[in-house]
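Down below is the structure, laid out as structure tokens.
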Amino acid sequence: EDGDSNKDEL
Amino acid sequence: MNIFRLAGDMTHLASVLVLLLKIHTIKSCAGVSLKTQELYVIVFATRYLDIFTSFVSIYNSLMKLIFLGSSFSIVWYMRYHKAVHRTYDREQDTFRHWFLMLPCILLALLIHEKFTFFEVMWTFSLYLEAVAILPQLVLLQRTRNIDNLTGQYIFLLGGYRGFYILNWIYRYFTEPHYVHWITWISGLVQTLLYADFFYYYFLSWKNNKKLQLPA
């Protein structure tokens, strides 16, 4: 996951 | 993915499975707030709008489907399944949850990372999730003691966000410029809302007696 996104989280 | 986030997701999964198990096997939703469950349907519906447009991983898509499916089916059971609906105490579950949504949507329109439809909806779902448990906690205060399964459901539901906080700390230290104040603050507020419940849950577990919330 690239650091600046947190759309990989549920 | 890190161990904290995996623990958080598994705890979250366990919470919805415990609730589904309770409702499906003993056909009872006594002590469960329909309002909170409806808010969670909205949380997942607005959180996972990008389920068909952005693919992260099989795990991510699978979990999104499970959370969407379980929250919808819990609401369906509580609303339309005769046996279950009979055990729903409508008189006590009177929290005006639509009033919770309004400030969340306004706040999402004011404070967000990007002003796009997806981002505002996603931010709205974060704010709403932080307060979605309130109708359930109010219902517990009114009905006072709660059965084990409902207690476990709330305990797990509160615990998952606690694991996510550890996940955010871990990612902050391991990933450069991973900074998401909105996510962190709403997640912290959400976990703090469970704090007093955790306290009484721990007390009842320590003294090995039924969970009683103070009046």
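Chains as they are written, first to last, in my numbering: chain U, 1 to 10; chain P, 1001 to 1215.
For glycine and all other residues, C-beta sits at the position ideal for the given N, C-alpha and C.
Residues of chain U whose Cβ lies closer than 8 Å to the Cβ of ASP1009 (chain P) are, in chain order, LEU10. Between LYS1064 (chain P) and chain U, the shortest Cβ-Cβ separation is below 8 Å. Within the region 1176-1206 of chain P, PRO1176, HIS1177, TYR1178, HIS1180, THR1183 place their CB atoms closer than 7 Å to a CB of chain U, listed in sequence order. In this structure, the straight-line span from the alpha carbon of TRP1122 (chain P) to that of LEU1109 (chain P) is close to 11 Å. In this structure, DSSP gives SER1054 (chain P) a state outside helix and strand, which the three-state scheme calls coil.
Any Cβ of chain U closer than 8 Å to the Cβ of VAL1120 (chain P) would place that residue at the interface, and such an atom is absent.
In this structure, the CA atom of LEU1128 (chain P) is about 25 Å from the CA atom of LYS1022 (chain P). Cβ neighbours of LYS7 (chain U) within its own chain (closer than 6 Å, five residues either side excluded): none.
The Cβ-Cβ distance between GLY1187 (chain P) and ARG1161 (chain P) falls below 8 Å. Going by DSSP, CYS1104 (chain P) is part of the alpha helix (DSSP H) stretching over 1098-1110. In chain order, PHE1118 place their CB closer than 7 Å to the CB of ASP1050 (chain P), counting only its own chain and leaving out the 5 sequence neighbours on each side. Classified as buried, THR1150 (chain P) has 16 or more neighbouring CB atoms from the shown chains inside 10 Å of its CB.
Per DSSP, reduced to three states, the secondary structure at GLN1092 (chain P) is coil, with no helix or strand assignment.
DSSP places ARG1161 (chain P) in the helix class (H, G or I) of the three-state scheme.
When the beta-carbon positions are compared, LEU1211 (chain P) and ASN1167 (chain P) stay at least 8 Å from each other. Using beta-carbon distances, SER1015 (chain P) does not count as an interface residue toward chain U, since no partner is under 8 Å. When Cβ-Cβ separations below 8 Å define contact, ASN1060 (chain P) makes contact with chain U. Going by DSSP, HIS1012 (chain P) is part of the alpha helix (DSSP H) stretching over 1003-1025. Between ILE1066 (chain P) and GLN1037 (chain P), the C-beta spacing is not below 8 Å.
C-alpha of ILE1111 (chain P) to C-alpha of MET1101 (chain P): approximately 15 Å in a straight line.
Within the region 1110-1153 of chain P, the complete alpha helix (DSSP H) runs of at least 4 residues fall at 1117-1131, 1134-1143. Taken in chain order, the members of the region 1150-1175 of chain P whose beta-carbon sits within less than 7 Å of a beta-carbon on chain U are GLU1175.
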